[in-house]
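A.B. asks: Listed in order, the protein sequences are those of chains A and B.
Mapping the first sequence onto numbering that gives the first Met the number 0, position 274 (from 1) lands on 273, and the numbers just tick up by one.
Mapping the second sequence onto numbering that gives the first Met the number 0, position 151 (from 1) lands on 150, and the numbers just tick up by one.
This is the structure I have questions about; it appears just below.
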Amino acid sequence: MTEIALPQHHEHEHPSGITRWLFTTNHKDIGTLYLLFAVSMLFIGGSFAMVVRLELFQPGLQFVSPHFFNQMTTMHALVMIFGAVMPAFVGLANWMIPMMIGAPDMALPRLNNWSFWLLPFAFTLLLSTLFMPGGAPSGGWTMYPPLVLQTGMAFPFLIFAVHLMGISSVMGAINVITTVFNMRAPGMTYHKLPLFVWTWVVTAFLLIAAMPVLAGAVTMLLTDKYFGTSFFNAAGGGDPVMFQHVFWFFGHPEVYIMILPAFGIVSQIVPTFARKPLFGYTSMIYAVASIAFLSFIVWAHHMFTVGMPLAGELFFMYSTVLIAVPTGVKVFNWVATMWRGSMSFETPMLWALCFIILFSIGGFSGLMLGLAPADFQYQDTYFVVAHFHYVLVTGAVFAIIAGVYFWLPKWTGRMYDERLGKLHFWLSTISVNLLFFPQHFLGLAGMPRRIPDYAVQYAEWNMLSSIGAFLFGASQLIFVYVVVRAMSGHGEKATDQVWEGARGLEWTLSSPPPYHSFNEPPKVP
Amino acid sequence: MITRFPRSVMIALVCLLGGGTARADYALNLTQGVTSISREAYRLHMLALWVCVVIAIIVFGAMAWSMYHHRKSRGAVAATFHDNTKVEIVWSILPFLVLVGLAIPATTALIAMHDTSNADLTIKITGQQWSWRYDYLKEDIGFVSNLDEKSAAAAKLGSGVDPRSVEHYLLNVDKPVVVPVGKKVRFLLNASDVIHSWWLPDLGFKKDAIPGFVNEIWARIEKPGTYRGQCTELCGVGHGFMPIVLIAMSEPDYQAWLAGQRAAAAKAKAGADRVWTREELLSKGAEVYTKTCAACHLPGGEGIPGTFKALKGSPVVKGPLAEHIDRVMNGKPGTAMPPFAAQLDDADIAAVITHERNAWGNNMGDLVQPAQIKAARK
Ligand code: HEM
Ligand SMILES: [Cu+2]
Ligand SMILES: [Cu+2]
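Take a look at the structure:
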């Protein structure tokens, strides 16, 4: 009580213990919660992937039944997409956006609390299905009917969990937009917004447009199963392909939801360690906006083999390959930022550079997949698996890790151990390529995705891929150690500036920053 | 197995360096296949691949150059430029032109694939959990193609069989689909339960088999041979176990094969019209059960609780016969149990029901004759 009466002690008024985290409306606390949640989901989803790679280590069935295998692939994807990557980006947004735009907090703090606390419930529902008779959902994260309608008891849990995740994402998105539109410090014009903020605003619009579509699609699944409707049931006059159209109308924007903030992070890191301003700031923003627009008119490239009319296939092929243009612009801009810079290679920069190279490889295979006649061969093979892991693991996840190393000293006030950071980087980079590069060959040689067992000619690449997977999984333990060390106050003290080349309002705050970022509007240079 | 591994990787790397012509057991690249469509797909794939390689060399080369020369540790001083409209226009337009260069051959290939007119023969393909049914329209021939028994036996948890000892492990079937070479074959695709996808890499395409839809695709195979592929749309627990094998043979051989199939079909029809003994029904029934039912209901009939009903002691199996026949022939809507009326013939259904009613301690003791199934079809 006495503390509230003393304004100078403002920072200490929050409750401590568990209630601090349950009732918190503070953007940093909520950001921390999101990030911790994401990393625990990364390990849960990762352990499912380990089961998959273990079974695929050799031809023949050694460890799990095909039914459990399908549960693992399905749950791996759902947990990684909705539990790890998306919440991690929201966590970074929570921490960084108010500090970057000179605001004290997010615009809607209570909504912020709610959108985080929905997630543990959503994932408890989803993960509990593993222990039910009949097991977890096993029809793939894409939930295509009629197969998904054969799910047992897990089905309503899956649908409700997806609804909760969707509500959480949309609320997070509303909060980001409201904050950026209303809480910028005087002088922080749209032409000065850091790219991380820009990419997040665009992402937030994508979320608001895409998540309700997913909610609609899964609701129709629910009524088809329990209330006798026939939206997707051919026998009742419905159309199973319509689900795929609706799903991918959500699904393709969704993949950009998972990569645009990554572009933002890399656009913060590269100029910092090249000690040179970002090349083509305006064209970066236009590129992000046009990628976002295009992402709504390319969805059927996931369904080239369903048998569309020729005109449809041509349209979706052209619009898909067109995305390569703005994507190329971004990569060229990053390279031009490095050009004639004064570069140093601290851990965040290593991850960001690796992102640029490996994400581009995923973009290249994306371009190949976009060519419909070739996609008739690639579709639903390991070539596609290689593609989306290059863009999602060495793309989205690498960018998240880069961001954590970049901002960790600011958050905790402690430098992480540079030697361990580099070790983590090199182990991860080598093993992730061992893990995913051979999958290109497997797919081209004819191995379908989502199979628990395979013909013997695929044995060697699969074994190599599994070894890569185990190494990659183990390397992430270093990351946990590094982060926990800094969080628990070990390591060298960080300066406010942290990085020599760092520019922006967030670096003017102390390390760690005060509980409410900017109580007085800062001066924007 | 671990000891084999370094050597194989070495060989693979040598193949990689030696270019696409060197081939080992494990391919690295897309097949060129045996149809005009598959060659087009291959050409487009290689063109796109090389375009990507060239772009990668330029972009990553520029990156490597500045990482080496513009390093702070070498005393590099940062320039201050952050814009160059001319350069930015060039690197937006150049990639666009490259894309046009890729889109042109892709468009012609796509148009050719859609031309299913003037086919010499038509085969209807039906995907079902988990096998393929082939019907030769106009020929009155149709059969189901299952995973071969050797692979099926090896592909069990704890089977103890080394997959390397099974020829064409998981890529072999009991009855391959047969087509003549040099003829334009039109395939019509459809499914009876969930979505499947029919892929033969050597034919250059895959196409989804969707309940309630008929998809069309065609192939004119140039070389006699046996071509293997798999289902490529997740369709449940048996998804990895429903391969596709197609044999392309010369026209006279194909005609001889057709004649043989017609004779076999006539014989099966005759079989359905006579009375079967208990032993015949039970042995045929066990065979059909293993092939068709055991994937879900398991070899011991215990099922998977919550997903696939147990047949051991099941109220339907131990209940009135009419209901049991109805369940097998018409399935149970809203569950994974599909209708088998179209997939199995009268003798198969009669036999498998007899088997279920007498196996695993169900001991109902009754026999079902093919004639009863024939009557139930009306
Ligand atoms: C140049 C940009 C890209 C192009 C042209 C492209 C193209 C494609 C195409 C055509 C497919 C369908 C392949 C098939 O199923 O046969 C695909 C699949 C996929 N892409 Fe991309 N892509 C691009 C970038 C990305 C990015 C940035 C992400 C995510 C960060 C992404 C994530 C995915 C995922 C997750 C799938 C597979 C979904 C599934 O079937 O489960 N892609 N991409
Ligand atoms: Cu897409
Ligand atoms: Cu399948």
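Using N, Cα and C, we set each Cβ at its ideal position, and we do this for glycine too.
Note that this is a predicted model, so its numbers are computed, not measured.
1. Mind checking which residues open and close the alpha helix (DSSP H) that includes Leu-213 (chain A)?
2. Taking Ile-477 (chain A) as the query, report the chain B residues whose CB atoms sit under 8 Å from its CB, ordered along the chain.
3. Going by DSSP, what residue range makes up the beta strand (DSSP E) through Gln-389 (chain B)?
4. Nearest-angstrom Cα distance between Val-523 (chain A) and Lys-191 (chain A)?
5. Look at the alpha carbon of Pro-527 (chain A) and the alpha carbon of Pro-369 (chain B), and state the distance between them as a whole number of angstroms.
6. Below 9 Å on C-beta distance, what does Val-525 (chain A) contact in chain B?
7. Where Leu-280 (chain B) and Phe-42 (chain A) are concerned, what is the direct C-alpha to C-alpha distance, given to the nearest angstrom?
8. Strictly by DSSP, which residues pair up with Lys-492 (chain A)?
9. Within 8 Å, do at least three Cβ pairs link the stretch 30-41 of chain B to the stretch 195-211 of chain B?
10. Kindly confirm or deny that the stretch 73-88 of chain A and the stretch 106-123 of chain A touch, where touching means at least three C-beta pairs closer than 8 Å.
11. Can you tell me which residues form a DSSP beta bridge with Ala-208 (chain B)?
12. In angstroms with no decimal places, state the Cα-to-Cα distance between Ala-340 (chain B) and Met-45 (chain B).
13. Regarding Leu-233 (chain B) and ligand 3, is the C-beta to nearest heavy atom distance less than 7 Å?
14. Taking the CB atoms as reference points, tell me whether Ala-309 (chain B) and Gly-302 (chain B) lie closer together than 8 Å.
15. Decide yes or no for the touch test of the stretch 350-363 of chain A against the stretch 285-294 of chain A: beta carbon pairs closer than 8 Å, at least 3 of them.
16. Where does Lys-331 (chain B) land, buried or exposed, given buried means 16+ other C-beta within 10 angstroms?
17. Could you check the C-alpha separation between Arg-109 (chain A) and Phe-397 (chain A) for me, to the nearest Å?
18. Hey, does Phe-363 (chain A) have any beta-carbon neighbour from chain B nearer than 8 Å?
19. For Gly-45 (chain A), I'd like the list of residues in its chain whose CB is within less than 6 Å of its CB, leaving aside the five on either flank, ordered along the chain.
20. Can you say whether Ser-72 (chain B) is buried or exposed, counting buried as having 16 or more other CB atoms within 10 angstroms of its CB?
21. Pick helix, strand or coil for Asn-181 (chain A), following the three-state DSSP scheme.
22. Tell me the DSSP secondary structure of Tyr-317 (chain A) in three-state form.
23. Quick one: Cα of Leu-32 (chain A) to Cα of Tyr-514 (chain A), how far?
24. Check Thr-20 (chain B) in the structure and name its three-state DSSP category.
25. Is Lys-492 (chain A) buried or exposed, if buried means 16 or more other CB atoms sit within 10 Å of its CB?
26. Nearest to Gly-528 (chain A) by alpha carbon, out of B:Val-172, B:Val-180, B:His-296?
27. Under 8 Å, do Phe-246 (chain A) and Met-142 (chain A) count as touching if we go by C-beta distance?
28. For a contact defined as C-beta to C-beta under 9 Å, what are the partners of Cys-292 (chain B) on chain D?
29. Suppose the cutoff is 7 Å on Cβ atoms and the five residues either side in sequence are ignored; what does the same chain contact list for Gly-402 (chain A) look like?
30. Can you pull out the residues from the stretch 439-451 of chain A whose beta carbon lies closer than 7 Å to at least one beta carbon of chain B?
31. Rounded to whole angstroms, what's the CA-CA distance from Leu-34 (chain A) to Ile-176 (chain A)? Just pull it up for me.
32. Which residue or residues does DSSP assign as beta-bridge partners of Asp-28 (chain A)?
33. How should Gln-438 (chain A) be labelled, buried or exposed, when 16 other C-beta atoms within 10 angstroms of its C-beta is the threshold for buried?
34. Between Ala-395 (chain A) and Arg-132 (chain B), what straight-line distance do the alpha-carbon atoms span, to the nearest angstrom?
35. According to DSSP, which residues form a beta bridge with Val-143 (chain B)?
36. What does Phe-212 (chain B) touch in chain A if you count any residue whose Cβ is under 9 Å from its own?
C.D. replies: If we stick to the structure as given:
1. Looking at the DSSP string, the run of the alpha helix (DSSP H) that includes Leu-213 (chain A) is 194-225.
2. Within chain B, no residue comes near Ile-477 (chain A); the closest Cβ sits about 24 Å away, beyond 8 Å.
3. Outside the displayed span of chain B (0 to 377) sits residue 389 (chain B), for which this structure offers no information.
4. 9 Å
5. With chain A covering only 0 through 524, there is no way to say anything about residue 527 (chain A).
6. The question about residue 525 (chain A) has no answer here: the residues shown for chain A are numbered 0 through 524.
7. Going by the C-alpha atoms only, they are around 53 Å apart.
8. A:Arg-413
9. Using a C-beta cut-off of 8 Å, the stretch 195-211 of chain B makes contact with the stretch 30-41 of chain B, since at least three inter-stretch Cβ pairs fall below that distance.
10. yes
11. B:His-195
12. 46 Å
13. yes
14. yes
15. Flag = no, the stretch 350-363 of chain A and the stretch 285-294 of chain A do not touch.
16. Lys-331 (chain B) should be labelled exposed.
17. 31 Å
18. yes
19. Gly-472
20. exposed
21. helix
22. helix
23. 15 Å
24. Residue placement at Thr-20 (chain B) is poorly supported in this model, since its pLDDT is 39, which falls under 50; the coordinates still yield a value, given next. If DSSP states are grouped into helix, strand and coil, Thr-20 (chain B) belongs with coil.
25. exposed
26. The requested residue 528 (chain A) does not occur in the structure, where chain A is confined to residues 0 to 524.
27. Taking 8 Å as the cut-off, the Cβ atoms of Phe-246 (chain A) and Met-142 (chain A) count as close.
28. Reference to chain D is not applicable here, since the protein chains of this structure are A and B.
29. Leu-91, Ile-264
30. Phe-440, Leu-443, Ala-444, Gly-445, Pro-447, Arg-449, Ile-450, Pro-451
31. 20 Å
32. Per the DSSP secondary-structure output, Asp-28 (chain A) pairs with nothing in a beta bridge.
33. buried
34. 43 Å
35. B:Arg-132
36. Ala-233, Asp-238, Pro-239, Val-240, Val-305, Gly-306
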